[in-house]
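Under the working numbering, the first residue of the sequence shown is numbered 181, with each subsequent residue one higher.
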Amino acid sequence: MSKTENCWLFVVFSDIYQLLKTRGILTRYEVLDKQLLIPLDGTEYFSSQNIHCEQCSHRTHKNGTVTYFHSAILPVIVSPQQKAVISLDPEFITPQDGHEKQDCEVAAAKRWLHRHREFFDPFSVTMIGG
């Protein structure tokens, strides 16, 4: 999925979040006076030693074989009082223009945080990283 192809997907997450906020459902997830807990977890959702594209990250093993993969940061809203989580839009870990090093979870998390810094008003947010 290209960067432009996944932009439409982000709107769905935003619309659902706004609906939950408007209907007061997010207040069920509040902890410590309007705090939302948001863990950021990375996951690989594709891996192959044969199939790859320009957006793939890669891992070279000691025996010389290369594994190509796609991964993403998957943030969710959690609460100790709730059994369900609320999924938020992902941040894909992909090669970044002008960078020789591969992208990583930390850089992807920083991009996600920058993109969402005002999104959660009136809530405060506590980010949880692994």
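Glycine included, every Cβ here is placed at the ideal spot set by N, Cα and C.
Delimiting residues of the alpha helix (DSSP H) encompassing residue i
i      : result
Glu285 : 285-295
Outcome for residue i when other beta-carbon atoms lying within 10 angstroms are tallied against a minimum of 16
i      : result
Pro270 : buried
Pro255 : buried
Three-way DSSP call (helix, strand, coil) for residue i in this model
i      : result
Phe299 : coil
Thr202 : helix
Leu189 : helix
First and last residue of the uninterrupted beta strand (DSSP E) at residue i
i      : result
Glu234 : Looking at the DSSP string, Glu234 is not in any beta strand (DSSP E), and its letter there is neither H nor E.
Tyr225 : 215-228
Ala252 : 246-257
Thr306 : 304-309
Glu210 : Segment: none, Glu210 is in no beta strand (DSSP E) and carries neither H nor E.
Determine, using beta-carbon pairs with one atom in the segment 291-308 and one in the segment 232-240, whether at least three such pairs fall under 8 Å.
Of all C-beta pairs linking the segment 291-308 to the segment 232-240, fewer than three are shorter than 8 Å, placing the two stretches out of contact.
Could you check whether the segment 189-199 touches the segment 243-256, counting it as contact only if at least three pairs of C-beta atoms, one from each stretch, sit closer than 8 Å?
Contact between the segment 189-199 and the segment 243-256 is absent, because fewer than three Cβ pairs lie under 8 Å.
Please confirm if the segment 199-211 is in contact with the segment 286-293, defined as three or more CB-CB distances below 8 Å between the two stretches.
As far as the Cβ criterion goes, the segment 199-211 does not touch the segment 286-293, which means the pair count is below three.
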